[in-house]
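Inspection log for the structure reproduced underneath, given as structure tokens.
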Amino acid sequence: MKTYRKELWFNTKTRRAYINITDEVQGAIDQSGIKEGLCLVNAMHISASVYINDDEGGLLKDYDDWLEKLAPHEPNSQYRHNDTGEDNADAHLKRQVMGREVAAAVTKGKLDFGPWEQIFYGEFDGRRRKRVLIKIIGE
Amino acid sequence: MKTYRKELWFNTKTRRAYINITDEVQGAIDQSGIKEGLCLVNAMHISASVYINDDEGGLLKDYDDWLEKLAPHEPNSQYRHNDTGEDNADAHLKRQVMGREVAAAVTKGKLDFGPWEQIFYGEFDGRRRKRVLIKIIGE
Amino acid sequence: MKTYRKELWFNTKTRRAYINITDEVQGAIDQSGIKEGLCLVNAMHISASVYINDDEGGLLKDYDDWLEKLAPHEPNSQYRHNDTGEDNADAHLKRQVMGREVAAAVTKGKLDFGPWEQIFYGEFDGRRRKRVLIKIIGE
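Chains as they are written, first to last, in our numbering: chain A, 3 to 141; chain B, 3 to 141; chain C, 3 to 141.
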């Protein structure tokens, strides 16, 4: 059994952002030499997500609007987490809707994906350096 | 280490549907010959889910009503994704609540489940052929 | 390849509870002797979650309030699942928002985590004995 580990770093200019990282994940699989196995991709921060969906601008806008409706940023005072001096309680909630991680199958050295699957980093409290972990196991 | 891969195909008659696929997944584990490991089951389409919960008709109705409340199908015009000519933006949102995938433990050749765990395919934009991927690794 | 399996048991005094189980999961990794691999941690019951987020009291309150807003416990009569005599339909919904499971990377024998990641058992229908499964694969 082989394992491979890689980190991706981000520092978004906006509080919220949605970044397609599919090529970076496939690149890590290539580097790993693993042909058959599983690839875990997870946010290492608790106010961000890794998820799989479509790379379509309208949909990214829909996600952003919908998450803001389900867990609004303002007013800050509605969240007890923000009593600690933070202003990112909403980001911790949004991340739970979108999820922390994806596990993807690796088959013949490739992400074993349907036609529209793309891996995204979802940032809900950006403007600082944050990381994603890629861990691949297989052979 | 062994790996095994199988696809399940669906073509639901209704836009939304909830289908118990536990027996198909256990069947794939049987075919794989893997006794100890992990079994990934994921939707290969981005407007569908694989999730684990109860096979009880009332609950399936509750999920359906609740998802429709969190991310209503109508009016189509509320979603920017639908400006592309699609009418399934809501399905992409519903799928995020229910999740893309499950990872299940395989122990002594069986799905290592609690008493009520059942694996479901959740369809949110059906009436066409769509797939689920089963990937098992272990030995 | 090695595998390791362990169950954690809970019996919360309250209907809903959020319990940090990070040390127990790391303890299982230690016992397994696995240095590189993946660690699956999942609720074995369908009205509970395992998720990763911050161990901060204000945030736990925010999660609890938010989940109650998204899927209120009362009135019981709003849920068809409760027609079966249950009163926990809301718990099945809350669990879908927070998720069933986490898959964590194991690197050099440790949970490969960012600075604030903590694993939680989220109970939404407690006051009875319920289980979490830890399954580790690797070498």
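Backbone N, C-alpha and C define an ideal beta-carbon position, used for all residues, glycine too.
{"query": "Just to confirm the assignment, what range does the beta strand (DSSP E) spanning A106/B have?", "result": "E103 to T109"}
{"query": "Spatial neighbours of R102/C within its chain, please: CB distance less than 6 angstroms, with the 5 preceding and 5 following residues excluded, ordered by chain position.", "result": "N44 and A45"}
{"query": "Alpha carbons only, please: which of E58/A, G87/A and I139/A is nearest the one belonging to E119/A?", "result": "E58/A"}
{"query": "What does G101/B reach in chain A if we use C-beta pairs closer than 8 angstroms?", "result": "G101"}
{"query": "In the DSSP assignment, find the unbroken beta strand (DSSP E) run with T5/B in it and report its ends.", "result": "K4 to F12"}
{"query": "Applying a beta-carbon distance threshold of less than 9 angstroms, which residues of chain A neighbour V104/C?", "result": "N44, R102 and E103"}
{"query": "In this structure, what does DSSP give as the bridge partners for F122/C?", "result": "N22/C and Y53/C"}
{"query": "Let me see if you follow: with CB-CB separation under 7 angstroms, is A91/B close to chain A or not?", "result": "yes"}
{"query": "Comparing alpha-carbon positions, which option in G39/C, I139/C, L135/C and E141/C lies nearest A50/C?", "result": "L135/C"}
{"query": "Nearest CA to the CA of K96/A: which residue from A107/A, K112/A, Y123/A and A105/A?", "result": "Y123/A"}
{"query": "Which residues share a DSSP beta bridge with V27/B?", "result": "Answer is none; V27/B lacks a bridge partner."}
{"query": "How about D64/C: is its C-beta nearer than 7 angstroms to some C-beta of chain A?", "result": "yes"}
{"query": "Step through the CB atoms of chain A and report whether any lies within less than 7 angstroms of the CB of Q33/B.", "result": "no"}
{"query": "Starting from the beta carbon of D56/B, find every residue of chain A whose beta carbon is closer than 9 angstroms, and list them in chain order.", "result": "The premise fails here: D56/B is roughly 21 angstroms from chain A at the closest Cβ pair, so nothing lies under 9 angstroms."}
{"query": "Ends of the beta strand (DSSP E) at A45/A?", "result": "G39 to A45"}
{"query": "Under 7 angstroms between the Cβ atoms of K4/A and I54/A?", "result": "no"}
{"query": "Which first and last residues belong to the beta strand (DSSP E) in which R133/B is found?", "result": "K132 to G140"}
{"query": "Should K112/B go down as buried or exposed, given a rule of 16 or more other Cβ atoms within 10 Å for buried?", "result": "exposed"}
{"query": "Are at least three pairs of beta-carbons, each pair with one atom in the region 15-28 of chain B and one in the region 18-26 of chain C, less than 8 angstroms apart?", "result": "no"}
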